[in-house]
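Here the working numbering is used: the first residue of the sequence shown is 414, the next is one more, and so on.
Think of the CB as a built atom: it goes at the ideal place given N, C-alpha and C, for glycine as much as any other residue.
The model shown is predicted, which means the values in this text are computed figures rather than measured ones.
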Amino acid sequence: MINVAVCNPLLRTPLSLIVDDSCPVINLTYYWIHQRHAWKTQHQPGVPPDRWEGNASQLKKIPPTIPADFAAEWAEWCWENGVKGKFSLIPYPAGIGRVDEGFPAEVGGKSLTLEYQAWMRVYRELIWPSFDLTPEMLTHTAVVDLDTFTLTEEWEQVEWVDPPVDDRLTDYIITAMEMLNNVGIPCEGVTSPGAFGKRQEAAYAKAVLTASQHVNNDPRPFYFLWLKHDELPDVPIWYAEKENGIAIASIVACAGDWFGGWTGYDLGDADRFITADLQGGRLPPILEKELPCVLVGHWPGFYFNGEKLGFDVLKTVKSRLNNYDPDGTKTLWMKTSEIGHYWMARELTNISVSERDASCPPEKGDRGVVQKITLSTQFPTANFTLVIDAPVRHVQVNGWDLREVYSRRDFQSNTFLVEGKQTFIAFDLEVGDTILELVT
Ligand SMILES: [Zn+2]
C-alpha cells in the first residue's frame, strides 16, 4: 500500500505580510501617543512615559493623517509584486470617527469626508484583493463602553491584555466586526491591538470564533496575536470540530517590526529579515525548514511621516525574497486567512488509502496497480498538495484527469508531478469526500 502525506501548498513555503495600525485617514501613532501621554499625566502624574509609550519630542514631526494617495501607491505596488497578507481596518480609530458613519471628524479645521471616501475606495479596490481586512478591536487606544459608545479610562492593549472573559469580550469583538460589516466588509478574522487578550488566549480565541459565526456566518476565522522571534513558527488550531467544519487559527508571525516601527520614527532594517547575501536574518532559517513566514509591519512605519522609508525597507526585503526564489518554486504569498484554511485542511482532513474494488477493473492499457485515496473533510482549501511514495502514471480526482507536469515551476492546482520515487498531487480541496484514483 502507498503512503500519503500532506505537503505545503504547491510545495511552496507560505509568505505573508501583516500590516497593523492601519485605518482610514487617521495616523494612529499621532493619536496613540497624544492620548497615552494625556492618560499618563492624569493617572500617573510625575511618572514619565516609558519607551513603549512613545516619545513626545517626536510628536511635532508626526502628521495626524496618512493620505489615501499613499495607501493607493503602497497597495498598487503590493498588487504588482504579488505581496499578500492582512491589513487592519480599525473601525473607530483612537475614538476620532466611526468608519460606518462616514468619518464626520475634522482635523485642523478640515473636513475628512472626501479623504475618507478616497480611503475606502483604496481599501475595497486595491487592498482587499491581496489582503484580509480585519478590525484591530475598536479604537486601538481606549476601551469603548458599548452601552454609551464613549471612551473609558482603560486601554485595549493595557488593561485588556487580561480582558473580561464573559460576554463583554465577545460583544466587544462582535461590535468591531459589525462596524466593518456596516461598510460592506465582512472580515476574515481579527487583529489584537498590542497584546490584547494575551493572558486569556483560550477565552479570546473562543470569543473571536463565536463573534465570527454570529456576525459573518464564518466558522473558520483567524486571529493575529503573537509575534515570536525565539521559536519556530506554527499555525495553532483551536476549538476544532472536525465533523462540523468549525475551527479558529492563530496566525503566528515570526519576523518584525523592522520596517519603520509602529511609531513611524524608528527605522528598521531589511537585513533583520534577510541579508543581501540571502544567508543572514530571521527568514532564511525558517524558509529552510519550510515553515510559514509571516512578516509584521505597522502602517505609520511604512509611511514614515511622509518619507516612506519603511516602504523602502519592504521593497528591499521583497527583492531579496525574489532573489531567494528566482523561479517562484520555493515560496507562495498568501493571505493570512488562506494560511489558516490550509492548516485546518492539513490537520482536520481524514485520509484513507485502499486498492480499488475488484468490481471496477483498471481501464484497458493501465497495467499498473490502481490505488484509491479517499479524503473526507469539512475544511476546504485551495492548492491542497499531497505526496505519494510511488511514481504515478495517471491521476484522477473525482473522475477528472489531472495533467502531468514535469517541473516544479509548472506545478499548480489540478496537476501532478513525478520526482524519482515520489509523486506530488495538487488540487482544490472541497467540502465532503474527494476520491483520488492513481495508477502506479
Ligand atoms: Zn496595533
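1) What number of angstroms, rounded off, separates the C-alpha of residue 650 from the C-alpha of residue 504?
2) Anyone know if the C-beta pair for residue 624 and residue 590 falls short of 8 Å?
3) Note the first and the last residue of the continuous beta strand (DSSP E) segment covering residue 427.
4) Just verifying my parser: in three-state terms, what is the DSSP assignment at residue 559?
5) Indicate, with yes or no, if ligand 1 has a heavy atom lying under 7 Å from the CB of residue 433.
6) For residue 440, count neighbouring Cβ atoms within 10 angstroms of its own Cβ and tell me buried if that reaches 16, exposed if not.
7) Determine the extent of the alpha helix (DSSP H) in which residue 674 is found, giving its start and end residues.
8) Within this structure, are the beta carbons of residue 737 and residue 680 separated by less than 8 Å?
9) Answer with yes or no whether the minimum CB distance from residue 571 to chain D is below 8 Å.
10) Thinking C-alpha only, which one of 744, 509, 547 and 693 is nearest residue 822?
11) At the level of alpha carbons, what is the spacing between residue 587 and residue 506?
12) Run the proximity test for residue 456: is its beta-carbon closer than 7 Å to any non-hydrogen atom belonging to ligand 1?
13) So for residue 541, helix, strand or coil by DSSP?
14) Let me check one thing: in DSSP terms, what residues is residue 816 bridge-paired to?
15) So, residue 645 versus residue 700, is the Cβ gap smaller than 8 Å?
16) Return yes when at least one heavy atom of ligand 1 lies under 7 Å from the C-beta of residue 607, else no.
17) Do residue 549 and ligand 1 come close, with the Cβ less than 7 Å from some heavy atom?
18) Note down, in chain order, each residue of its chain lying with its Cβ closer than 6 Å to the Cβ of residue 540, except the 5 sequence neighbours on either side.
19) Look at the Cβ atom of residue 686, then the Cβ atom of residue 715, and state whether they are nearer than 8 Å.
20) With 16 as the cutoff for other CB atoms within 10 Å, does residue 739 come out buried or exposed?
21) What is the DSSP secondary structure of residue 846, reduced to helix, strand or coil?
22) Please determine whether the Cβ atom of residue 754 lies at a distance below 7 Å from any heavy atom of ligand 1.
23) What's the gap between the Cα of residue 711 and the Cα of residue 577?
24) Do you know offhand how far residue 768's Cα is from residue 490's?
25) For residue 526 and residue 511, I'd like the C-alpha separation in whole angstroms.
26) Using only CA atoms, which one of 629, 631 and 707 lies nearest to residue 496?
27) Does any heavy atom of ligand 1 sit closer than 7 Å to the C-beta of residue 447?
28) Return the chain-ordered list of same chain residues with a C-beta closer than 6 Å to the C-beta of residue 764, the five sequence neighbours on each side being excluded.
29) Going by beta carbon distance, what residues of the same chain come within less than 6 Å of residue 435, once the five residues before and after it are set aside?
30) Quick check: is any heavy atom of ligand 1 less than 7 Å from the C-beta of residue 553?
31) With residue 428 and residue 734 assumed to form a contact (beta carbons below 8 Å), what rounded beta-carbon distance in angstroms separates them?
Reading off the structure:
1) If you number the sequence shown from 1, residue 650 lands on position 237. If you number the sequence shown from 1, residue 504 lands on position 91. Whole-angstrom Cα-Cα distance: 26 Å.
2) Position 211 of the sequence shown, counting from 1, holds the residue named residue 624. Position 177 of the sequence shown, counting from 1, holds the residue named residue 590. Yes. Within cutoff.
3) To locate residue 427, count along the sequence shown from 1; it is residue 14. 426-433 is the span of the beta strand (DSSP E), which, as asked, contains residue 427.
4) The residue labelled residue 559 in the question sits at position 146 within the sequence shown. It is coil, neither helix nor strand.
5) Here residue 433 corresponds to residue number 20 of the sequence shown, with the count starting at 1. Residue 433 Cβ: within cutoff of ligand 1.
6) The residue you call residue 440 lines up with position 27 of the sequence shown. That one is buried.
7) Residue mapping note: residue 674 aligns to position 261 of the sequence shown, counting from 1. Unbroken run through residue 674: none, as it is neither H nor E.
8) For the purposes of this step, residue 737 is taken as residue 324 along the sequence shown, with counting starting at 1. For the purposes of this step, residue 680 is taken as residue 267 along the sequence shown, with counting starting at 1. Going by C-beta atoms, residue 737 is not nearer than 8 Å to residue 680.
9) Among the chains in the structure shown there is no chain D, since it carries only a single protein chain.
10) Taking the sequence shown and counting its residues from 1, one reaches residue 822 at position 409. The option with the nearest alpha carbon to residue 822 is 744.
11) Numbered from 1 along the sequence shown, position 174 holds the residue referred to as residue 587. Numbered from 1 along the sequence shown, position 93 holds the residue referred to as residue 506. Using only the alpha carbons, I get a separation of about 16 Å.
12) As a position in the sequence shown, residue 456 is number 43, starting the count at 1. It does not: the Cβ of residue 456 is nowhere closer than 7 Å to a heavy atom of ligand 1.
13) In the sequence shown, residue 541 corresponds to position 128, counting from 1. Residue state, collapsed to three classes: coil.
14) Sequence index remark: in the sequence shown, residue 816 carries index 403 (1-based). For residue 816, which the question treats as bridged, DSSP gives the partners 828.
15) Against the sequence shown, residue 645 aligns to sequence position 232. Against the sequence shown, residue 700 aligns to sequence position 287. Against a cut-off of 8 Å, the Cβ pair of residue 700 and residue 645 comes out as no contact.
16) Position 194 of the sequence shown, counted from the start, is the residue given in the question as residue 607. Residue 607: yes, Cβ under 7 Å from ligand 1.
17) To locate residue 549, count along the sequence shown from 1; it is residue 136. Residue 549: yes, Cβ under 7 Å from ligand 1.
18) Looking up residue 540 in the sequence shown gives position 127. Contacts found: 488 and 500.
19) For the purposes of this step, residue 686 is identified with residue 273 of the sequence shown, where counting begins at 1. For the purposes of this step, residue 715 is identified with residue 302 of the sequence shown, where counting begins at 1. Against a cut-off of 8 Å, the Cβ pair of residue 715 and residue 686 comes out as no contact.
20) By one-based count along the sequence shown, residue 739 stands at place 326. Answer is exposed; the Cβ neighbour count stays below 16.
21) As a first step, residue 846 must be located in the sequence shown, where it is residue number 433. DSSP places residue 846 in strand when its eight states are reduced to three.
22) Counted from its first residue, the sequence shown places residue 754 at position 341. Outside the cutoff, so no.
23) Within the sequence shown, residue 711 is the residue found at index 298, counting from 1. Within the sequence shown, residue 577 is the residue found at index 164, counting from 1. Those two C-alpha atoms are separated by around 27 Å.
24) Residue 768 sits at position 355 when you count from the first residue of the sequence shown. Residue 490 sits at position 77 when you count from the first residue of the sequence shown. So the two alpha carbons sit approximately 50 Å from each other.
25) Locating residue 526 in the sequence shown gives position 113, where the first residue counts as 1. Locating residue 511 in the sequence shown gives position 98, where the first residue counts as 1. Taking the straight line from one Cα to the other gives about 12 Å.
26) What you label residue 496 is simply residue 83 of the sequence shown in a count that begins at 1. For residue 496, the nearest C-alpha among the options comes from 707.
27) If you number the sequence shown from 1, residue 447 lands on position 34. Every heavy atom of ligand 1 is 7 Å or more from the Cβ of residue 447, so no.
28) The residue you call residue 764 lines up with position 351 of the sequence shown. Taken in chain order, the residues that qualify are 417 and 788.
29) For the purposes of this step, residue 435 is taken as the residue at position 22 of the sequence shown. Correct list, in chain order: 500, 501 and 712.
30) For this step, residue 553 is matched to residue 140 along the sequence shown. Residue 553 Cβ: within cutoff of ligand 1.
31) Translated into the one-based positions of the sequence shown, residue 428 becomes position 15. Translated into the one-based positions of the sequence shown, residue 734 becomes position 321. Right, the Cβ-Cβ distance comes to about 7 Å (below 8 Å), so this counts as a contact.
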